[in-house]
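K.L.:
For the sequence shown, position 115 matches number 115 in the UniProt record's numbering, and the numbering has no gaps at all. Note that beta-carbon positions come from the ideal geometry of N, C-alpha and C, so glycine has one too.
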Amino acid sequence: MTLPLKWDDRRDRRKAEKIADIIRQDIKHDFLGLQPPAFDPTLQKYRPGLKIAVAPKIPSLLDAWVKFVDFKTQQGKVQETTLTDAYPRVDKMLTKVDPELLRLSNSKELLSFLTKHYKPSTLVFYYTKISACANWAVKQDIWEKNPYSRDLAILKSQCENPEKSGKAYSDSEAMTILKAIATDRFTSPYAYIKHSYYGQFLKFLFLTGA
């Protein structure tokens, strides 16, 4: 079936472009597995003159996070340190991220981006809060699913098994090595330069992952 549109003037073209954009949004809505299905394969719902039901915009992670924090604050059951330290840390991180990465459909891209800037243990902290927010959003019918719970499980696994994170040493192993260097534990008494001389440089390498 084809849509009975004419291309006689710019107004007709704008109508066609608007309908094409709505079809694109409906297809994306269904591709994400959201319910109820939005795309009409018969194209009847997109006929000119008919009122088109546009799929509702899915709130971003930042949108859901703001609502989540507001809900928890009003509830009054959250520890003071969570409100004054933990939540602001997550909020600061999210506001620095490209808004496109905070779309629910871009959860994988968000994790890929963050792993380049934070170590797994830090991301576990962030994703513990993010996943809690997502679970709340699902219960509030804001979202259909929580795509961040799987990412949290992956990050926890990397912390338990450092070799999977791509690091040569775990954080505790790195600290042991740096301590030995700083105290010249293995420096020969005849060495011209002590190991501690390189301590700050090696600490820099560990911190940057170089």
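Does DSSP classify D70 as helix, strand or coil?
P.N.:
Residue state, collapsed to three classes: helix.
K.L.:
Classify N146 as helix, strand or coil using the three-state DSSP reduction.
P.N.:
It is coil, neither helix nor strand.
K.L.:
For the region 82 to 123, list the alpha helix (DSSP H) runs that are entirely contained and at least 4 residues long, ordered along the chain.
P.N.:
For the region 82 to 123, whole alpha helix (DSSP H) runs of length 4 or above, ordered along the chain, are 87 to 96, 107 to 114.
K.L.:
How do the region 65 to 85 and the region 109 to 123 stand: do at least 3 beta-carbon pairs fall below 8 Å, yes or no?
P.N.:
No: fewer than three Cβ pairs fall under 8 Å.
K.L.:
Determine the burial state of D98: buried for a count of at least 16 other Cβ atoms within 10 Å of its Cβ, exposed for fewer.
P.N.:
D98 comes out exposed.
K.L.:
So, is L43 buried or exposed, given that buried needs 16 or more other C-beta atoms within 10 angstroms?
P.N.:
Classification of L43: exposed, given that the 10 Å Cβ count is below 16.
K.L.:
If you draw a straight line from the C-alpha of L62 to the C-alpha of V90, how long is it?
P.N.:
Distance between the alpha carbons of L62 and V90 is about 10 Å.
K.L.:
What did DSSP end up calling V138 once you bin it into helix, strand or coil?
P.N.:
Correct three-state label for V138: helix.
K.L.:
Buried or exposed: I193, going by 16 or more other Cβ atoms within 10 Å of its Cβ?
P.N.:
By the 10 Å Cβ count, I193 comes out exposed.
K.L.:
For S165, I'd like the list of residues in its chain whose CB is within less than 7 Å of its CB, leaving aside the five on either flank, ordered along the chain.
P.N.:
Any reading at S165 is ruled out, since the residue's pLDDT is 48, under 50, leaving its predicted position unreliable.
K.L.:
Could you tell me if Y190 is buried or exposed, where buried requires 16 or more neighbouring beta carbons within 10 angstroms of its beta carbon?
P.N.:
Answer is exposed; the Cβ neighbour count stays below 16.
K.L.:
Could you give the DSSP three-state label for K28: helix, strand or coil?
P.N.:
Of the three classes helix, strand and coil, the one that applies to K28 here is helix, per DSSP.
K.L.:
Please work out which residues of its chain come closer than 7 Å, Cβ to Cβ, to P59, disregarding the five sequence neighbours upstream and downstream, and give them in chain order.
P.N.:
Same-chain partners within the cutoff: I142.
K.L.:
Name the two residues that bound the continuous alpha helix (DSSP H) containing I181.
P.N.:
Residues 171 to 182.
K.L.:
Report buried or exposed for S107, applying the criterion of at least 16 other Cβ atoms within 10 angstroms of its Cβ.
P.N.:
By the 10 Å Cβ count, S107 comes out buried.
K.L.:
With DSSP run on the structure shown, which of helix, strand or coil describes D63?
P.N.:
Looking at D63 - three-state DSSP - the assignment turns out to be helix.
K.L.:
Expressed to the nearest angstrom, what Euclidean distance is found between the alpha-carbon atoms of M175 and A182?
P.N.:
Each residue's alpha carbon lies about 10 Å from the other.
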